[in-house]
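Below: one structure, written as structure tokens.
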Amino acid sequence: MLETLLIIGDSLSASPESWPTYLPPTYHVQLLVQGGRRISEYSPPRDIRGHHKLVYFLGAGDILHLSNARDTKRYIQDQLEYLAGRGYEITVVTPPIFNLQKFDEVNREHRQMINRLPNVNHCDMQWIWDSTMTHDGIHPTPKLSAVIAETIQGCLEE
């Protein structure tokens with residue numbers, strides 16, 4: 151039986167060559183992804199029947215375009231608590247540190263917040279990200295997308 155996997159994210163998860171394409175066929179993947187989307191523009195699904203696991207891939211847009219970092223962090227935390235309270239097994243994927251001062255500062259804050267949440271697994275892309283395997287320093291090539299998929303699959307199986 152296929153396991154349902156709901157993926158929430160931005161352009162890092164939305165392109166035809168992004169990491170969900172490289173997941174094994176053991177998952178029934180449902181995408182709630184859109185390039186340029188920020189988490190604050192997303193509403194959690196009301197009908198969660200059939201959804202067991204959730205990958206919440208924080209994107210660069212959430213961090214690079216912040217008007218209020220504290221509100222964004224609170225919004226993400228509220229969403230994760232809402233989804234965890236409804237039985238999702240949540241894996242939050244954080245992008246690597248891109249050596250952009252403001253981005254990295256907020257990214258570190260998000261990582262700390264995620265690590266404090268109960269029933270939320272953290273999957274960190276910092277250790278596998280190779281910027282030479284991206285189109286523009288951020289968006290992965292198919293080769294890096296395959297590595298990301300393998301890493302996330304490992305996190306899902308923990």
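The sequence shown maps to residues 151 to 308 in the numbering used here.
Note that the Cβ used here is the ideal one computed from N, Cα and C, for glycine as well.
Among Glu191, Asp221, Tyr206, which residue has its Cα nearest to the Cα of Gln180?
Tyr206
Quick check on the burial criterion: 16 or more other C-beta atoms within 10 angstroms. Buried or exposed for Ser281?
In the assembly as shown, Ser281 is an exposed residue. Its beta-carbon has fewer than 16 other beta-carbons within 10 Å.
For Asp160, which of helix, strand or coil comes out of DSSP?
coil
Determine the burial state of Leu152: buried for a count of at least 16 other Cβ atoms within 10 Å of its Cβ, exposed for fewer.
Exposed, since its Cβ has fewer than 16 Cβ neighbours within 10 Å.
Under three-state DSSP, which class holds Pro292?
helix
Use the C-beta contact count for His285: other C-beta atoms within 10 angstroms, 16 or more gives buried, fewer gives exposed.
By the 10 Å Cβ count, His285 comes out exposed.
What is the DSSP secondary structure of Asn269, counted as helix, strand or coil?
coil
Can you look up Glu167 in the DSSP assignment and give me helix, strand or coil?
coil
Could you have a look at Glu231 and say whether DSSP puts it in helix, strand or coil?
In the three-state DSSP reduction, Glu231 falls in the helix class (H, G or I).
Between which two residues does the beta strand (DSSP E) harbouring Tyr172 extend?
Note, Tyr172: premise wrong, no beta strand (DSSP E); not H, not E.
Tell whether a beta-carbon distance below 7 Å holds between Asp274 and Thr241.
no
Report the rounded CA-to-CA distance for Gln122 versus Lys293, giving the unit in angstroms.
Because the chain in this structure spans residues 151 to 308, residue 122 falls outside the shown range and cannot be described.
Three-state secondary structure (DSSP) at Thr244?
strand
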